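Novice: Okay, here's the structure, questions in a sec.
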Amino acid sequence: MLATKSSVIPGFGPTLGYTLFYLGLIVLIPLAALFFRAAGMGWEQFVQAAFAPRVLAAYRLSFGGAFIAAAINVVAGLLVAWVLVRYEFPGRKLFDAMVDLPFALPTAVAGIALTAIYAPNGVIGQLLRPLGIKVAFTPIGVVIAMVFIGMPFVVRTVQPVLQDLELEHEEVAASLGANRLQVFCLVILPNLLPALVTGFALAFARALGEYGSVIFIAGNMPGISEIAPLLIVTKLEQYDYAGATAIAVVMLVAAFLMLLVINTLQKWRQSRFTAN
Amino acid sequence: MALAISSSTTSLPRRSVTEPAWVRLLLIVSALGVLALFLLLPLVTVFGEAFSKGLDAYFGALGDDDAVAAIGLTLTVAAIAVPLNVIFGVVGAWCLAKFDFRGKSLLITLIDIPFSVSPVISGLVYVLLFGLQGWFGPWLKLHDIKLIFAVPGIVLATVFVTFPFVARELIPLMEAQGTEEEEAAVVLGAGGWRIFWHVTLPNIKWGVFYGVLLCNARAMGEFGAVSVVSGHIRGLTNTMPLHVEILYNEYNYMAAFAVASLLAMLALVTLAVKSLLEWRFSREIAAGTRHQKT
Numbered sequence: 053m054l055a056t057k058s059s060v061i062p063g064f065g066p067t068l069g070y071t072l073f074y075l076g077l078i079v080l081i082p083l084a085a086l087f088f089r090a091a092g093m094g095w096e097q098f099v100q101a102a103f104a105p106r107v108l109a110a111y112r113l114s115f116g117g118a119f120i121a122a123a124i125n126v127v128a129g130l131l132v133a134w135v136l137v138r139y140e141f142p143g144r145k146l147f148d149a150m151v152d153l154p155f156a157l158p159t160a161v162a163g164i165a166l167t168a169i170y171a172p173n174g175v176i177g178q179l180l181r182p183l184g185i186k187v188a189f190t191p192i193g194v195v196i197a198m199v200f201i202g203m204p205f206v207v208r209t210v211q212p213v214l215q216d217l218e219l220e221h222e223e224v225a226a227s228l229g230a231n232r233l234q235v236f237c238l239v240i241l242p243n244l245l246p247a248l249v250t251g252f253a254l255a256f257a258r259a260l261g262e263y264g265s266v267i268f269i270a271g272n273m274p275g276i277s278e279i280a281p282l283l284i285v286t287k288l289e290q291y292d293y294a295g296a297t298a299i300a301v302v303m304l305v306a307a308f309l310m311l312l313v314i315n316t317l318q319k320w321r322q323s324r325f326t327a328n
Numbered sequence: 056m057a058l059a060i061s062s063s064t065t066s067l068p069r070r071s072v073t074e075p076a077w078v079r080l081l082l083i084v085s086a087l088g089v090l091a092l093f094l095l096l097p098l099v100t101v102f103g104e105a106f107s108k109g110l111d112a113y114f115g116a117l118g119d120d121d122a123v124a125a126i127g128l129t130l131t132v133a134a135i136a137v138p139l140n141v142i143f144g145v146v147g148a149w150c151l152a153k154f155d156f157r158g159k160s161l162l163i164t165l166i167d168i169p170f171s172v173s174p175v176i177s178g179l180v181y182v183l184l185f186g187l188q189g190w191f192g193p194w195l196k197l198h199d200i201k202l203i204f205a206v207p208g209i210v211l212a213t214v215f216v217t218f219p220f221v222a223r224e225l226i227p228l229m230e231a232q233g234t235e236e237e238e239a240a241v242v243l244g245a246g247g248w249r250i251f252w253h254v255t256l257p258n259i260k261w262g263v264f265y266g267v268l269l270c271n272a273r274a275m276g277e278f279g280a281v282s283v284v285s286g287h288i289r290g291l292t293n294t295m296p297l298h299v300e301i302l303y304n305e306y307n308y309m310a311a312f313a314v315a316s317l318l319a320m321l322a323l324v325t326l327a328v329k330s331l332l333e334w335r336f337s338r339e340i341a342a343g344t345r346h347q348k349t
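Going line by line, the protein sequences match chains A and B.
Per this note's numbering, residue 53 is the first one in the first sequence, and the count goes up by one each step.
Per this note's numbering, residue 56 is the first one in the second sequence, and the count goes up by one each step.
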């Protein structure tokens, strides 16, 4: 890697060297160690550890829960972003700042708070109990925690796009006789689509690996409400390093695929942006 | 031209681009309902539970020896991990924003990796390297060095999860600022350090502060990665989030929420300062936040 444009500013060599050194030491070598460890297991042992029935159930919950939560977040996030951008009301800035709470609040704190709320004797758990709905210690609780953790991703991806949307397009559509619903569905929504898809992918990726906020409310019953990251921890606690490694490799590959999807989405959005 | 058009349209009635009042009200109420239910209620619950048995019990729980040790460890870990990532963030941003080279976008993607890795895996990789059954495990044991289930492991895991915060804040910011000022300084005869301290740093100081703020919040609040490498030894390797978990699992809910309330306050202060920075210095940090949001 050489500077392709000669620059008069000093420091390219040392800063690149330090960046590569620190990145390698903290991130790349440790991650490579995980793959080497998995490679050393042998195919049969790997498949046995990574795709046992209990593990498959955990993937199903992690991927399924993350998908449902991301879908809920697309709807809820669009609603919140729309209201924050388009309407004036008292406390708007305060609510806007609050959207980032799941980024700032430690996951364990969110986890115990959500559990207290949705437990059978909690504020909302109490209301749901007569209806026969159990949230805490069931897969529904897992989805609730994933919605919490993913909410800001959709709002913060959609918000700036909504802000930059030109009202002229809507005025033209309205003057041509479109009603407000048509304008929203045919003019606004297509413009927001890339942001919504990106927000979905970001929220999904985050929910997939989430641990702290989920494990308290999940109840962690093997095969029912046990997420894949928790299973990694369980295997580690039993000194089953091979089992933990195999699950981690599957989850890591999924995470990298999501990173690829998200990067591709960003490029797609940028190309659309420049095309406009 | 664009400016002229938009200023002329503001004088027109805006009815064509907004909704009937009842729709607006309905949407506002449901959006605020979503925010209140999913975000505000958990926050209120933390403080409600923490103070449920009165102030004496609250401060009693915080004054407990193990709680004090956990607070101390959390502060120590953040005090090591955050500066390490600030140095990397500034150095990396200098390299990536001020120069053009092949493989640059790949390098930026690699820096972002810790954000997409599950926190549990972030801890696991260090156990596989330095744990008893890990690559360096036997060597470390021979030399009586303990990294895993000890403080160094906690620091490493924290550095990993907070790795990108400062760099990804500074890279777009410094890219947006360009290189003219530094080039002018070179022409005037300034050396690398002088350029950095007198030209670049004043331009990015609020961006650095913003990155430190987010990095610190995550460092103090990290749970999953730290949980895997800590070993949960009370009073020794328990950070605040881990202490919350232990208290909670012992059904000592009030004390768990008391310690959690400190972390929640940290989150609130972080959000308040962050919002303040975004309003006050929006121009100076805009490049970074825009990059993150789009």
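For every residue, glycine included, the Cβ atom is placed at its ideal position computed from N, Cα and C.
Model, not experiment: these values are computed from the prediction.
Check whether the stretch 239-258 of chain B touches the stretch 160-171 of chain B, taking contact to mean three or more Cβ pairs, one atom from each stretch, closer than 8 Å.
Specialist: Judged by Cβ distances under 8 Å, the stretch 239-258 of chain B makes no contact with the stretch 160-171 of chain B, as fewer than three pairs qualify.
Novice: Return no unless some Cβ of chain B is closer than 9 Å to the Cβ of A/Y139.
Specialist: Your numbering for residue 139 of chain A matches position 87 in the first sequence. So, interface residue.
Novice: Is the CB of B/A124 under 9 Å away from at least one CB in chain A?
Specialist: Reading the second sequence from its first residue, position 69 is the one you call residue 124 of chain B. No, because no Cβ of chain A sits closer than 9 Å to the Cβ of B/A124.
Novice: Quick one: what does DSSP say A/F308 is sitting in, helix, strand or coil?
Specialist: Numbered from its first residue, the first sequence carries residue 308 of chain A at position 256. Here A/F308 sits in helix by DSSP.
Novice: According to the Cβ coordinates, are A/T190 and A/F268 closer than 9 Å?
Specialist: Taking the first sequence and counting its residues from 1, the one referred to as residue 190 of chain A is at position 138. Taking the first sequence and counting its residues from 1, the one referred to as residue 268 of chain A is at position 216. Result no, Cβ atoms of A/T190 and A/F268 do not sit closer than 9 Å.
Novice: For B/G189, does the count of other Cβ atoms within 10 angstroms reach 16, so buried, or fall short, so exposed?
Specialist: As a working note, residue 189 of chain B is residue 134 in the second sequence. It counts as buried.
Novice: Distance check for B/D119 and B/R345, CA to CA, integer angstroms please.
Specialist: Here residue 345 of chain B refers to the residue found at position 290 when the second sequence is read from its first residue. Here residue 119 of chain B refers to the residue found at position 64 when the second sequence is read from its first residue. Because the pLDDT at B/R345 is just 44, under 50, the model does not fix this residue reliably, and the point stays unresolved.
Novice: Against B/L184, what residues of chain A qualify as contacts under a CB-to-CB distance less than 7 Å, listed in chain order?
Specialist: Against the second sequence, residue 184 of chain B aligns to sequence position 129. Here the neighbours are P82 and A85.
Novice: Determine, using beta carbons only, whether B/C270 comes closer than 9 Å to chain A.
Specialist: By one-based count along the second sequence, residue 270 of chain B stands at place 215. By this cut-off, B/C270 is not an interface position.
Novice: For my contact list, A/A133 and A/V207 are in at a C-beta cut-off of 8 Å; report their separation, rounded to the angstrom.
Specialist: Here residue 133 of chain A refers to the residue found at position 81 of the first sequence. Here residue 207 of chain A refers to the residue found at position 155 of the first sequence. Going by Cβ atoms, the distance from A/A133 to A/V207 rounds to 5 Å, so yes, they are a contact pair.
Novice: What are the residues in the stretch 176-205 of chain A lying within 7 Å of chain B by C-beta distance?
Specialist: Listed by position, the residues of the stretch 176-205 of chain A near chain B (Cβ gap below 7 Å) are V199, F200 and M203.
Novice: How about A/Y293: is its C-beta nearer than 9 Å to some C-beta of chain B?
Specialist: Residue 293 of chain A sits at position 241 when you count from the first residue of the first sequence. A/Y293 counts as touching chain B.
Novice: Does the beta-carbon of B/D199 have 16 or more other beta-carbons within 10 angstroms, so that it is buried, or is it exposed?
Specialist: Here residue 199 of chain B refers to the residue found at position 144 when the second sequence is read from its first residue. It is exposed - the Cβ of B/D199 has fewer than 16 other Cβ atoms within 10 Å.
Novice: Can you give the Cα-Cα distance for A/F115 and B/K108, rounded to whole angstroms?
Specialist: Counting from 1 along the first sequence, the entry for residue 115 of chain A is found at position 63. Counting from 1 along the second sequence, the entry for residue 108 of chain B is found at position 53. When rounded, the distance between both Cα atoms is 40 Å.
Novice: I'd like to know if A/I61 contacts chain B, where contact means its C-beta is closer than 9 Å to some C-beta of that chain.
Specialist: Numbered from 1 along the first sequence, position 9 holds the residue referred to as residue 61 of chain A. Yes, A/I61 counts as interfacial toward chain B.
Novice: In angstroms with no decimal places, state the Cα-to-Cα distance between B/S173 and A/P82.
Specialist: The residue given as residue 173 of chain B occupies position 118 in the second sequence. The residue given as residue 82 of chain A occupies position 30 in the first sequence. Rounded to whole angstroms, B/S173 to A/P82 spans 14 Å at the Cα level.
Novice: B/C150 to B/L117, Cα distance in whole Å?
Specialist: Residue mapping note: residue 150 of chain B aligns to position 95 of the second sequence, counting from 1. Residue mapping note: residue 117 of chain B aligns to position 62 of the second sequence, counting from 1. Taking the straight line joining both Cα atoms gives about 44 Å.
Novice: Just verifying my parser: in three-state terms, what is the DSSP assignment at A/A188?
Specialist: The count along the first sequence starts at 1 and reaches residue 188 of chain A at position 136. A/A188 falls in the coil class under three-state DSSP.
Novice: Whose Cβ in chain B lies nearer than 7 Å to the Cβ of A/P142?
Specialist: On the first sequence, residue 142 of chain A is found 90 positions in, with the first residue counted as 1. Within chain B, no residue comes near A/P142; the closest Cβ sits about 10 Å away, beyond 7 Å.
Novice: By the DSSP assignment, the alpha helix (DSSP H) with B/C270 in it spans what residues?
Specialist: Here residue 270 of chain B is taken as the residue at index 215 of the second sequence, counted from 1. Element bounds for B/C270: L256 to G276.
Novice: Answer yes or no: do B/E305 and A/I61 have a C-beta to C-beta separation smaller than 9 Å?
Specialist: In the second sequence, residue 305 of chain B corresponds to position 250, counting from 1. In the first sequence, residue 61 of chain A corresponds to position 9, counting from 1. The answer is no: Cβ separation not under 9 Å.
Novice: I want to know whether the stretch 160-175 of chain A touches the stretch 241-251 of chain A - three or more CB-CB distances under 8 Å.
Specialist: Contact fails: fewer than three Cβ-Cβ distances are below 8 Å.
Novice: Spatial neighbours of B/L87 within its chain, please: C-beta separation below 8 Å, excluding the five flanking residues on both sides.
Specialist: For the purposes of this step, residue 87 of chain B is taken as the residue at position 32 of the second sequence. Once the five neighbours on either side are set aside, B/L87 has no close Cβ partner at all.
Novice: For a test of the three-state rule: what should DSSP assign to B/I135, helix, strand or coil?
Specialist: In the second sequence, counting from the first residue as 1, residue 135 of chain B sits at position 80. Note: B/I135 maps to helix in three-state DSSP.
Novice: Flag A/G261 as yes if its beta-carbon sits less than 9 Å from any beta-carbon of chain B, otherwise no.
Specialist: Your numbering for residue 261 of chain A matches position 209 in the first sequence. It does; some Cβ of chain B falls within 9 Å.
Novice: Does the beta carbon of B/Q232 sit closer than 9 Å to a beta carbon anywhere in chain A?
Specialist: By one-based count along the second sequence, residue 232 of chain B stands at place 177. No, B/Q232 lies away from the interface with chain A (no Cβ there is under 9 Å from its Cβ).
Novice: Which stretch, first to last residue, makes up the alpha helix (DSSP H) that contains A/V239?
Specialist: Taking the first residue of the first sequence as position 1, residue 239 of chain A is located at position 187. It is not in any alpha helix (DSSP H) - A/V239 carries neither H nor E in the DSSP assignment.
Novice: Quick one: what does DSSP say B/H287 is sitting in, helix, strand or coil?
Specialist: One-based indexing of the second sequence puts residue 287 of chain B at position 232. In this structure, B/H287 counts as coil in the three-state DSSP scheme.
Novice: Excluding five sequence neighbours on each side, which residues of the same chain lie with their C-beta closer than 7 Å to the C-beta of A/G275?
Specialist: Position 223 of the first sequence, counted from the first residue, corresponds to residue 275 of chain A. So the qualifying residues of the chain are R106 and A109.
Novice: Mind pulling the chain A residues with CB within less than 8 Å of B/F215?
Specialist: Locating residue 215 of chain B in the second sequence gives position 160, counting from the first residue. Ordered by position in chain A, the residues that pass the 8 Å Cβ test against B/F215 are I78, V79 and P82.
Novice: From B/K201 to B/V141, what distance separates their C-alpha atoms?
Specialist: One-based indexing of the second sequence puts residue 201 of chain B at position 146. One-based indexing of the second sequence puts residue 141 of chain B at position 86. In a straight line, the C-alpha of B/K201 is about 26 Å away from that of B/V141.
Novice: Can you say whether B/A134 is buried or exposed, counting buried as having 16 or more other CB atoms within 10 angstroms of its CB?
Specialist: If you number the second sequence from 1, residue 134 of chain B lands on position 79. B/A134 is exposed by the Cβ-count criterion.
Novice: So which residues on chain B does A/Y70 lean against when the C-beta distance must stay under 7 Å?
Specialist: The residue given as residue 70 of chain A occupies position 18 in the first sequence. Ordered by position in chain B, the residues that pass the 7 Å Cβ test against A/Y70 are V146.
Novice: Identify the contact partners of B/G247 in chain A, using a Cβ-Cβ distance below 9 Å as the criterion.
Specialist: Here residue 247 of chain B refers to the residue found at position 192 when the second sequence is read from its first residue. Within 9 Å Cβ-Cβ: I61, P62, G63 and P66.
Novice: Report back the beta-carbon spacing between B/L268 and B/T217 to the nearest angstrom; my notes put them in contact at under 8 Å.
Specialist: Your numbering for residue 268 of chain B matches position 213 in the second sequence. Your numbering for residue 217 of chain B matches position 162 in the second sequence. Wrong, their Cβ atoms sit about 12 Å apart, outside the cutoff.
Novice: With B/I209 as the anchor, note down where its alpha helix (DSSP H) starts and where it stops.
Specialist: Residue mapping note: residue 209 of chain B aligns to position 154 of the second sequence, counting from 1. Looking at the DSSP string, the run of the alpha helix (DSSP H) that includes B/I209 is V206 to T217.
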